[in-house]
Each structure stands twice: as structure tokens, then as C-alpha cells.
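Comments concern the structure below.
Residue numbers (my numbering), protein chains in the order written: chain A, 97 to 277; chain B, -1 to 355.
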């Protein structure tokens, strides 16, 4: 099993931390993992992306030109990464703020209204764990149990009180993802 | 763990005596992690944010003169500022570790990954006839391992060692196996190991030790140079390190180090799937350079592609080794742009495979 994933969106959306949770979750299941961020003068509001690889074999290149899955959270990232999903791969996006929807027919496309759902739940910070849960529903590369462990590992101790909410969001994310017809 | 964080972890676990640095992207996490770890409360390791890179390297010079295991880290423009000090340290035959997490240049350049300091690391950097032992890690694990290896080699030969990493490995996270922490060396151990040169406090029974890189008598300076050169020949004979992947039956060879070698490992997989017999040689020591194994492979392959994140620097050493026997071409990106495995594969086909059929 090898999963090459890109998560792309705005800085501040939790793109890098979502990748980090996933990478730690992979480690919990003894997989090889790599986490490679785009870094730069990219802060809240700018674009940010991270490439995460999870495999049962050693990972050669941490940099990819095609992805098994793309999680896309803003229009700029859609423009850039839609074409980089492998044929037969998966594209997951939040419809919020997307003006040009993906048009490819050779990949599976899913939507999740995570921005809206996080707002409805009264905690915008659950946005990225909702998405993570949605992703794991369609691409169960790690178990939910490992993900909860990965979540705990990637959060600093002072944030551990938010663990139950985030675990619930991961579970709930799996319920609200929809395959686009 | 992240590549940069692992440097800090490795330094403390190795029993490093002091780190002196000045922040610069993409390696600021080295000092940030050390400040969080507070090793001065546990092992007694000193961590100082100096007022500049020039100050940092001179603090390293001072620590090294006392036989202490001291290090600094920076990124390309910061390393340029340190080059005067590095030359002095080399001239005074002192061991230390310098980490360069390279970014794009010249000048202040970009903050994204690059390998454009190859010449600086392997051909000098500062003035005068000197060499650094230059280690190129290709994973977070090697960033960890090469802290210890760098110190060990530096002390074995009394030369400065440089770890030449880049922004990709510095910023990425991977699994790392850490070893058990070692205590810092005691004064007695330093006396035992470095007693014939280090400034450990003059004892009645011995002559004073002088650490200097200045010699006004040209004939005496030439003796210093000859000693240094003899050390460099010894290092060339003993310390060449490299790794080969799928070279046994290779028709074509990739030569790449650091993060580029990771990308090229993927290119080997892609090329083999497509039916091309491609192998990879990864220099682990950039100086001393593994010219011999490359020369041997030149007798077997039809062509060689040297792949670096620069305009073509290591290719000069590859061509020297190959000595015109087979075509050697370069592929690179500059300015902080990183190629994908697919791009490198296309370049390999265009520049080597299609031209040597």
C-alpha cells in the first residue's frame, strides 16, 4: 500500500496540521511516512500545501508530480492541483469559496461542506478534523484508532482537552462527505 | 520528526558541548528546538544565539580551540558570512561541525530548497588551501546520524566537518531512530583525546599550546600547508562514502546527493518499470568525492546524468572522474524550485537515453 496525498488550501485552515496528524497516524501503524510542507512566506491567508506519503515500503522521493488523492480547500489550489491527480485517483474539496468546480471525468470526486458544518457546530477550528475524517472514510489508509493516537501525538499537551471534540469531528466528517454525481 | 529538529536532538544526545547560531530560514528550528530542550539544565550543553553569523563561527572557533565539541548551523547566506571563520578554523587545524541547510542564491536569494552551495562546501568557501569533510544527508535519519559522524570525523582528523543539507530535508518529517544519550566528555577525557593541542590550561610538565592560523615565515607556513594536505590525502584514502542503487546491470547512471538522490531513487523505479536499466550513485561524502566508483561505472554505462538543484556544480567532479569516456550531462532547477521525479525522468530520456541509443 502506498498513498501519495496532497492537501492544499489557505494558511490558517490547518492544512499542515492535518497532514501532521495523518503522518503520525501512519507511524502508529508502523508505516513509512513522509511529510513535506510547502514553506515560505506563507502565513494566514496565503496558500499552503503539504505532501504526505504513507507506505508499507520505504519511501523514495518525498516529492511527487502526481497524487493518489488531492484534498483541495481553495480555488488557487484547485487550479493548480486538479490536473495532478492520478487517473482513477480521488479529489476531495470543500465547495465553500470554489467558483470553478473540478471538471475531470477520469477521477472520483467528493465534496464536503466542512466550513459550513464547522460553523454550524460553533467551532471553526474543527474544520480540518472534519475533512480528515471525510478523507479517511473514502480512503481508509489508517484506522480511526490510529488516527486518534496520531491526533493526540501531534497536539501539544495544552490542547489535549480538545481531543474528544476533534475525535468526534473525525467521525462526523465521514458522515457528511458526498460523492459528486 | 522534522529534519531541523533532529539536528538539535542529535547534538544533545551526542554529548555536544556548545551550539552557537543565528536564525535564518530554512533552519531556524535547529536553535528553536535547542532553546526548548534547554540542554544547559541537563547535559550542561551551552546554547547561544549570537549577534551574527560572524560572531557564531568565532565562538565555535574558541570552543573548538579548547577541545570541545562545538557546532553551528545556518543557511546559505549565513554560511557565506561564516566563511572567514571557517577558513581560520581549518587553518588552525581545529575540529567542529557546521550545518548548512541550503536555500536558493546567490545573494539573499530565496528561502526555498537548493543545492547551489556545492562549490562552497567542497572547493573551499573561504580563502586558502583547505577542505571540509562534506556530508550530504538524504533523509531525516541521516541528518540525525551525520551529527555524530561529522563530529567523529572532525575529531579524528582535526578538520572542520560540514553537513550539507537542503530545505527539503530540513523541513520534512520522517521517522527517526534515536540512540541512547551519551554524556558530554569530561575534562579528563578531553585532556586524553586532545591533550597534545587543545587549550586545556597549561600544566607545569608541558609546553604551552598555541592555536593560530597566522605564520609570518613563508617556509614555516608551507610546512603547515603540507601537514594539512597530508591530512586531506589521508581523508581521501579512508573516508569516501557513497551508496549505489540498481547499478549492477545499469545502462544509464544517475548521480545525485541529498534530497535530489531521493527524487532520483524514484526515477530509478519509474525507469525500471518503463524498461530502462537505470542505476543511481549517491555520494554521501561530497568531499572526499567518490570519483573512483563513478569512474568504474563509466566503463559499464552508456551515459551519466548528474542531477542537482543548481546550474551544474557536482557535474565537474563527475566529469573529472569519467574523463570523457561516456557522455555526462547535467539536469537541475534553480532558485528554490524543486524538480519532480517525472521531470528528471524526462530529462534523463532527452539528454542521455535518446542520445546514446
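Every residue gets a Cβ at the ideal spot worked out from N, C-alpha and C, and that includes glycine. Computed from a predicted model, the values in this text were never measured in an experiment.
Distance check for residue 280 of chain B and residue 254 of chain B, CA to CA, integer angstroms please.
Computed Cα separation, rounded: 5 Å.
With a CB to CB cut of under 8 Å and the five nearest residues on each side skipped, what residues in its chain are close to residue 223 of chain B?
The answer, listed in chain order, is 127.
Less than 9 Å separating the beta-carbons of residue 277 of chain A and residue 173 of chain A?
In this structure, residue 173 of chain A does not lie closer than 9 Å to residue 277 of chain A by Cβ.
Between which residues of its own chain and residue 152 of chain A is the CB-CB distance below 8 Å, once the five residues before and five after are set aside?
Only 97, 98, 127 and 128 meet the Cβ criterion.
Is there a Cβ from chain B that is less than 9 Å from the Cβ of residue 197 of chain A?
Closer than 9 Å: no.
In whole angstroms, what separates the C-alpha of residue 115 of chain A from that of residue 193 of chain A?
Their backbone Cα atoms lie some 22 Å apart in a straight line.
So who's on the other strand from residue 144 of chain A, going by DSSP bridges?
DSSP, once it has assigned bridges, lists A/105 as partnering residue 144 of chain A.
Write down the C-beta distance between residue 249 of chain A and residue 120 of chain A rounded to the nearest angstrom, noting that I regard them as a contact closer than 8 Å.
Going by Cβ atoms, the distance from residue 249 of chain A to residue 120 of chain A rounds to 4 Å, so yes, they are a contact pair.
Please classify residue 256 of chain A: is it buried, with 16 or more other beta-carbons within 10 angstroms of its beta-carbon, or exposed?
Residue 256 of chain A comes out exposed.
Who pairs with residue 57 of chain B in a beta bridge, going by DSSP?
None; residue 57 of chain B has no bridge partner.
Under the three-state reduction of DSSP, which class applies to residue 133 of chain A: helix, strand or coil?
Residue state, collapsed to three classes: strand.
For residue 155 of chain B, which residues of its own chain have a beta-carbon under 6 Å away from its beta-carbon, when the five flanking residues on both sides are left out?
The residues are 229 and 233.
Mind listing the chain B neighbours of residue 160 of chain A? Cutoff is C-beta to C-beta under 9 Å, in chain order.
Result: 264, 338, 339 and 340.
Would residue 170 of chain B pass as an interface residue toward chain A - the criterion being a Cβ-Cβ separation below 9 Å?
At least one chain A Cβ lies under 9 Å of residue 170 of chain B.
So what does DSSP say about residue 20 of chain B, is it helix, strand or coil?
It is coil, neither helix nor strand.
Across which residues does DSSP place residue 97 of chain B in a beta bridge pair?
Per DSSP, B/71 and B/161.
Can the beta-carbon of residue 203 of chain A be found less than 9 Å from the beta-carbon of residue 189 of chain A?
Taking 9 Å as the Cβ cut-off, residue 203 of chain A and residue 189 of chain A do not qualify as a contacting pair.
Please look up how many angstroms separate the CB atoms of residue 98 of chain B and residue 160 of chain B, rounded, as I've assumed it's under 8 Å.
Rounded, the Cβ-Cβ distance is 6 Å, consistent with contact.
By a C-beta neighbour count over all protein chains shown, 10 Å radius and 16 as the cutoff for buried, is residue 264 of chain B buried or exposed?
Counting Cβ neighbours within 10 Å, residue 264 of chain B comes out buried, since at least 16 surround it.
In this structure, what does DSSP give as the bridge partners for residue 207 of chain A?
Residue 207 of chain A pairs with A/189 and A/274.
Use the C-beta contact count for residue 197 of chain A: other C-beta atoms within 10 angstroms, 16 or more gives buried, fewer gives exposed.
Answer is exposed; the Cβ neighbour count stays below 16.
List, in chain order, every chain B residue whose beta-carbon is nearer than 9 Å to that of residue 128 of chain A.
Residues of chain B passing the Cβ test: 172 and 173.
In this structure, does DSSP put residue 338 of chain B in helix, strand or coil?
In this structure, residue 338 of chain B counts as coil in the three-state DSSP scheme.
Please identify, using Cβ separations under 9 Å, the residues of the stretch 13 to 26 of chain B that lie next to chain A, in order along the chain.
Residues passing the 9 Å Cβ filter: 23 and 24.
From this set, B/1, B/259, B/146 and B/225, which residue's C-alpha is nearest residue 68 of chain B's C-alpha?
Ranking B/1, B/259, B/146 and B/225 by Cα distance to residue 68 of chain B puts B/146 first.
Could I get the ranges of all uninterrupted alpha helix (DSSP H) runs contained in the stretch 22 to 48 of chain B, with 4 residues as the minimum, in chain order?
If we require 4 residues or more, the alpha helix (DSSP H) runs fully inside the stretch 22 to 48 of chain B come out as 27 to 35.
With a Cβ-Cβ cutoff of 9 Å, do residue 354 of chain B and residue 291 of chain B count as a contact?
No.
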